[in-house]
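Note that our numbering has the sequence shown beginning at 17, numbered continuously upward.
As structure tokens, the structure follows; a few thoughts come after it.
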Amino acid sequence: MLNWDNPLEQVQPANKSTTAPIPPSAPMVNDEPQTLAASYASSDVIGDMSFDDTGVTLPEVKAPADDADAKLAKDAVEGIERDLAEAIHGIAPVKASDKRVINGEADVNQLAPFKYPWAWEYFLNANKNHWTPLDINMSQDIQDYQHKLSDSEKHVYENVLAYLTTSDILAMRNIGLAVMEKMTAPELQIYQARQVYEEALHTWTYQHCIETIGLDQGEIYNRYRVVPAIHGKIKLANKRLDSVMRSDMDLRDPKNLTEFVMAYIFFAAIFEGTWFYNGFTPIFSLQRRGLMKGTAEQLQYIMRDEVMHASFGIRVVKQIMLENDVTLDPKAIRDMWDESEKAEIDYAHYILKSPILGYTAEDHIEQYRFIANRRARQLGLEEPYPNAQNRTPWLDEQANMKKEKNFFETRVTEYQTGGALDWG
Ligand SMILES: [Fe+2]
Ligand SMILES: [Fe+2]
17 MLNWDNPLEQ
27 VQPANKSTTA
37 PIPPSAPMVN
47 DEPQTLAASY
57 ASSDVIGDMS
67 FDDTGVTLPE
77 VKAPADDADA
87 KLAKDAVEGI
97 ERDLAEAIHG
107 IAPVKASDKR
117 VINGEADVNQ
127 LAPFKYPWAW
137 EYFLNANKNH
147 WTPLDINMSQ
157 DIQDYQHKLS
167 DSEKHVYENV
177 LAYLTTSDIL
187 AMRNIGLAVM
197 EKMTAPELQI
207 YQARQVYEEA
217 LHTWTYQHCI
227 ETIGLDQGEI
237 YNRYRVVPAI
247 HGKIKLANKR
257 LDSVMRSDMD
267 LRDPKNLTEF
277 VMAYIFFAAI
287 FEGTWFYNGF
297 TPIFSLQRRG
307 LMKGTAEQLQ
317 YIMRDEVMHA
327 SFGIRVVKQI
337 MLENDVTLDP
347 KAIRDMWDES
357 EKAEIDYAHY
367 ILKSPILGYT
377 AEDHIEQYRF
387 IANRRARQLG
397 LEEPYPNAQN
407 RTPWLDEQAN
417 MKKEKNFFET
427 RVTEYQTGGA
437 LDWG
């Protein structure tokens, strides 16, 4: 049995605790706040109290000559106004219309009323794709790697994992450290919190594959540092991440806002939506020939998550652009596609320097362009690579494959769900 105070220690069942946990079905003591919240949602007036007039006249503040000082003074006055209003009338209710993706003033600790119900739907749907890498049988992969893969195929397999391991940590840091803190609607942050967990799960998955196959972990994890073609993609992502991972980044500044939007587009549409989506393909091509099927199945679950990450990110960034009237510089967008394409070309030529049966570097590069066009359309942007061909039409099938039946038949461990926990 697990010791829940110290999960790393296994303990023997002891005497039943005298402190019983609250059963999940315990009734709410008082549902009044919910009732009030419903009425708050549509009005600034509660009973005969209006939140529009605080009855307080604030002293006039003269604007200093310097713009930065003026802004500080304005923020200070607004803060005093809020504090006074709260002191007199209590905390104002949150209205959905108060919420904004960024730069909002509404209480970020209050989930409803939703302004972005689609974000909550993403969270609910994300929870339908739950697995752990231990659920998938990898024993045949060990045999395949040792006895069936050619040197070229081993090169592909190892380097795809070497790239993905570092990429997923970057994705986690981006969403968890640079993006989440700037969101001002909790329904967005909740899906992003799930995304942070999923990126960690993906990192575990690659680590599990690397360890199970018996690869040299130190060498594989260092590969992105010593192989320029892998490092090139990581370097581009790090550059975008560094540009937005600043806790003092004021998104009311148009220059900062543009930088944030561009980084968000890069991570959602290129890093996750194109590089990741296309990054699993070399291993899927092995799977189609009956090789490394355990690893490929792991990647199929990851790919489902990544499709949602990309689509959620694109939706969020479009909402930011709408709410803040952001116009993108076409040259900056073009440069972003071009540098991403160049990095992907270098990467493809490295991992597939010798083509493997059924998949070449040219297939990989053309597929990058084809998927990039799809992401551009989703963003409402011009296609960067008109006439790009779909060289791996089976890839979308791979992403959408219904696996649940086999998954639950073949899983090798049992989940500890809330209902099954022994609290004794
Ligand atoms: Fe991921
Ligand atoms: Fe992701």
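A virtual CB, placed ideally from N, CA and C, is assigned to each residue, including glycine.
Between the C-alpha atoms of residue i and residue j, what's the straight-line distance to the nearest angstrom?
i    : j    : result
I250 : K131 : 35 Å
V110 : L127 : 10 Å
R320 : N145 : 8 Å
D99  : T200 : 19 Å
A57  : P133 : Residue placement at A57 is poorly supported in this model, since its pLDDT is 28, which falls under 50; the coordinates still yield a value, given next. A57 and P133: Cα-Cα distance of roughly 15 Å.
R359 : Q159 : Note that residue 359 is Ala in the sequence shown here, rather than Arg. If I take the Cα positions, the gap works out to 33 Å.
G240 : P270 : In the sequence as presented, Gly is not what sits at residue 240; that position holds Tyr. Looking at the two C-alpha atoms, the distance is approximately 34 Å.
P371 : V172 : 9 Å
E343 : M352 : Going by the sequence as given, residue 343 is Thr instead of Glu. If you take the alpha carbons of T343 and M352, they lie about 16 Å apart.
E215 : E322 : 9 Å
L307 : V195 : 38 Å
E275 : L217 : 29 Å
S263 : A135 : 24 Å
R11  : P400 : Summary: the structure shown does not reach residue 11, with the chain confined to residues 17 through 440, and so no result is reported for it.
R210 : I330 : 17 Å
I318 : K309 : 14 Å
Compute the distance between the beta-carbons of residue i and residue j, then report whether it is under 8 Å.
i    : j    : result
I246 : A178 : yes
A279 : V260 : yes
L186 : A253 : yes
A404 : R385 : yes
D290 : A364 : The amino acid at residue 290 is misidentified as Asp; the sequence shows Thr. No.
L449 : N119 : There is no way to answer for residue 449, as the model of the chain reaches only from 17 to 440.
A326 : E288 : yes
T228 : D157 : yes
Can you find the residues in the same chain that come closer than 8 Å, C-beta to C-beta, to residue i, ignoring five residues on each side of it along the sequence?
i    : result
V176 : G295, F296, P298, I299 and I367
G396 : K334
A122 : V110, K111, D114, K115, R116, T200 and A201
K170 : Y161
T376 : L368
R304 : G374 and W410
G95  : none
Tell me which residues share the same chain as residue i and place their Cβ nearer than 7 Å to its Cβ, disregarding the 5 neighbours each side in the sequence.
i    : result
T408 : T297, D379 and Q383
E174 : L231 and I236
L193 : M261
P149 : W220, T221, H224 and Q314
E238 : Going by the sequence as given, residue 238 is Asn instead of Glu. Cβ within range, chain order: n/a, list empty.
I226 : L177, Q233 and I236
F328 : Y138 and Y207
S168 : S370 and I372
Would you list the residues sitting across from residue i in a DSSP beta bridge?
i    : result
I96  : None; I96 has no bridge partner.
I372 : Y375
Report all residues from its chain with a CB closer than 6 Å to the CB of residue i; omit the five preceding and five following residues, and keep chain order.
i    : result
D362 : A245 and G248
R256 : A279 and F282
S301 : G374 and Y375
F292 : E322
Beta-carbon of residue i versus every beta-carbon of chain C: anything under 8 Å?
i    : result
P409 : The chain inventory of the structure shown lacks chain C, comprising one protein chain alone.
Would you mind listing the alpha helix (DSSP H) stretches within the segment 198–247 that are 4+ residues and don't spill past its ends, in chain order? 202–229 and 233–242
I'd like the ranges of any alpha helix (DSSP H) spanning at least 4 consecutive residues and lying wholly in the segment 95–155. 133–142
Whole alpha helix (DSSP H) elements within the segment 343–414, 4-residue minimum: 346–367 and 377–395
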